[in-house]
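Here's the structure we're looking at; comments come further down.
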């Protein structure tokens, strides 16, 4: 590695570390003032508070990583341009490709570290922070469990099993309900393709009811739709909504492979997997677009960092917004999950490479 590459990598590393620490401090500070009252009301010790916020750092790093990679590259090239080092390097016959190469390589290395963090570290820390916040602070016990793409919940004298692709909707697929008597003998078994909680009652579609008749015999009734007076409502099926953050990338992939029920459920599972990976990888295409962008800003307006940094943040927010919309469509089965994950990356990356090559001519 020559002297120039070491110098550029050193500057990128310093900027990346500074930005990461700044975002972590800002996030933790805001989160602290939002949640400290909840900890104090429950009488929790400061040791637990410190543990919670310390273990929140991997989550913050994963969330802010792509933006940090973008801004670290923009600041590194902007400082070189502002100090006329970029002009001197070009005058010495060094191409823009050679100058930006170490920055892009460092961005790729940082992205790989984020993937490793998401695979090996985040699932463990997220499980602990979710337990502290949901159980010890909010007092919410996870009454249901999740296994192999289905949710299971045991009531006082009944049992539910269902698939629920979208937690924002009270719509359930492959719904089943079993009820037993005081001797724990099965009394009724209801199974339906779909269940909806509407107007404070359960509506089941395309299913059957099996009712115990004694001596181990059951009467079976088929229905197109029917209302049932089940005791529990969807709010009772509490399962932490950040459960996906407790799964590693590989576990999300395995979970998606196991989903073989409805189209909506399979699409939501693959969108969860592709979405996690694509969000982490978002920093690299943003970096490819941000590097030539700062040179365009300087050439047109005569300013670099003072304008390029806020514009880069705006660009990152716009890309994230489009990405988030595509992810929502993919989870609702309106858009292919893989296409939703790659669309922004390919478009932004291709545009960035085109502008970067044009700047080098």
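Residue numbers (UniProt numbering): 1 to 361. By construction, the Cβ of each residue, glycine as well, lies at the ideal position given by its N, Cα and C atoms.
Which residue wins for smallest C-alpha separation from residue 135, given the options 42, 75 and 203? It is 42 whose Cα lies nearest to the Cα of residue 135.
How many Å lie between residue 22 and residue 259 at the Cα? 40 Å
What residue range is occupied by the uninterrupted alpha helix (DSSP H) comprising residue 290? Counting along the chain, the alpha helix (DSSP H) containing residue 290 begins and ends at 283 to 301.
Who are the near neighbours of residue 333 in its chain, counting only those whose CB is closer than 7 Å to its CB and skipping five residues on each side? 263, 264 and 267
Thinking C-alpha only, which one of 189, 206 and 223 is nearest residue 217? 189
Inter-stretch contact at 8 Å, needing at least 3 Cβ pairs: the region 151 to 169 / the region 86 to 105: Result no; under three Cβ-Cβ pairs closer than 8 Å.
Member of 37, 180, 61 and 74 whose CA lies at the smallest distance from the CA of residue 12: Ranked by Cα distance from residue 12, the first of 37, 180, 61 and 74 is 74.
Starting from residue 222, trace the beta strand (DSSP E) in both directions and tell me its first and last residue. Boundaries of the beta strand (DSSP E) around residue 222: 217 to 228.
Within the same chain, show all residues whose beta-carbon is closer than 6 Å to that of residue 311, passing over the 5 residues directly before and after it, in chain order. none
Run the CB neighbour count on residue 183, radius 10 Å, all protein chains shown included, and call it buried at 16 or more, exposed below. exposed
Of the choices 37, 117, 80 and 165, whose alpha-carbon is the least far from that of residue 61? 117
Cβ shell of residue 108 (< 7 Å), same chain only, five flanking positions each side left out: 284
Going by beta carbon distance, what residues of the same chain come within less than 6 Å of residue 178, once the five residues before and after it are set aside? If we look at residue 178 and ignore the five residues flanking it on each side, its Cβ neighbours are 159 and 189.
Could you pull out every residue in the same chain whose Cβ sits closer than 7 Å to the Cβ of residue 157, ignoring the five residues on either side in sequence? 179 and 180
What is the C-beta distance between residue 270 and residue 233, in whole angstroms, given that I count them as a contact (C-beta under 8 Å)? Not quite, the Cβ-Cβ distance comes to about 29 Å (not below 8 Å), so this is no contact.
Backbone CA spacing between residue 6 and residue 359 [nearest angstrom]: Annotation: residue 6 to residue 359 spans about 23 Å, alpha carbon to alpha carbon.
Cβ neighbours of residue 122 in the same chain (closer than 7 Å, five flanking residues each side left out): 58, 59, 62 and 245
With DSSP collapsed to three states, give me the class of residue 204. strand
Indicate the three-state DSSP secondary structure (helix, strand or coil) for residue 145 in the structure shown. strand
Would you tell me roughly how many angstroms separate the C-alpha atoms of residue 328 and residue 167, rounded to the nearest one? 12 Å
Between the Cα of residue 330 and the Cα atoms of 340, 92 and 318, which residue gives the shortest distance? 340
With C-beta atoms as the reference, is residue 205 less than 8 Å away from residue 192? yes
Residue 318 lies in the beta strand (DSSP E); which residues open and close that run? Careful: residue 318 lies outside any beta strand (DSSP E), inside the alpha helix (DSSP H) at 305 to 331.
For the candidate residues 282, 297 and 352, whose alpha-carbon lies nearest to that of residue 321? Nearest C-alpha to residue 321: 282.
Selection from 170, 46 and 323 that minimises the alpha carbon distance to residue 195: Per the C-alpha coordinates, the member of 170, 46 and 323 positioned closest to residue 195 is 170.
Of the choices 94, 52 and 14, whose alpha-carbon is the least far from that of residue 71? 14
Rounded separation between residue 66 and residue 288 - CA only: 12 Å
Using CA atoms only, rank isn't needed, just tell me which of 277, 299 and 361 is closest to residue 323. Nearest of 277, 299 and 361 to residue 323, Cα basis: 277.
Between 203, 273 and 52, which has its C-alpha nearest residue 131's C-alpha? 52
Residues of its chain near residue 273, where Cβ-Cβ distance is below 6 Å and the 5 sequence neighbours each way are ignored: 252, 253 and 256
Assuming residue 389 contacts residue 68 under a Cβ cut-off of 8 Å, what Cβ separation, rounded to an integer in Å, is found between them? With the chain covering only 1 through 361, there is no way to say anything about residue 389.
Beta-carbon separation (whole angstroms), residue 81 vs residue 291, contact threshold 8 Å: Not really, about 11 Å apart at Cβ, beyond 8 Å.
Residue range of the alpha helix (DSSP H) that residue 98 falls in? 96 to 116
Between residue 40 and chain E, is there a C-beta pair that is closer than 8 Å? Protein chain content of the structure displayed is limited to a single chain, and chain E is not contained in it.
Alpha helix (DSSP H) runs contained entirely in the region 7 to 66, provided each spans 4 or more residues: 46 to 54
Are the beta-carbon atoms belonging to residue 24 and residue 115 less than 8 Å from one another? Not a contact, by the Cβ cut-off of 8 Å.
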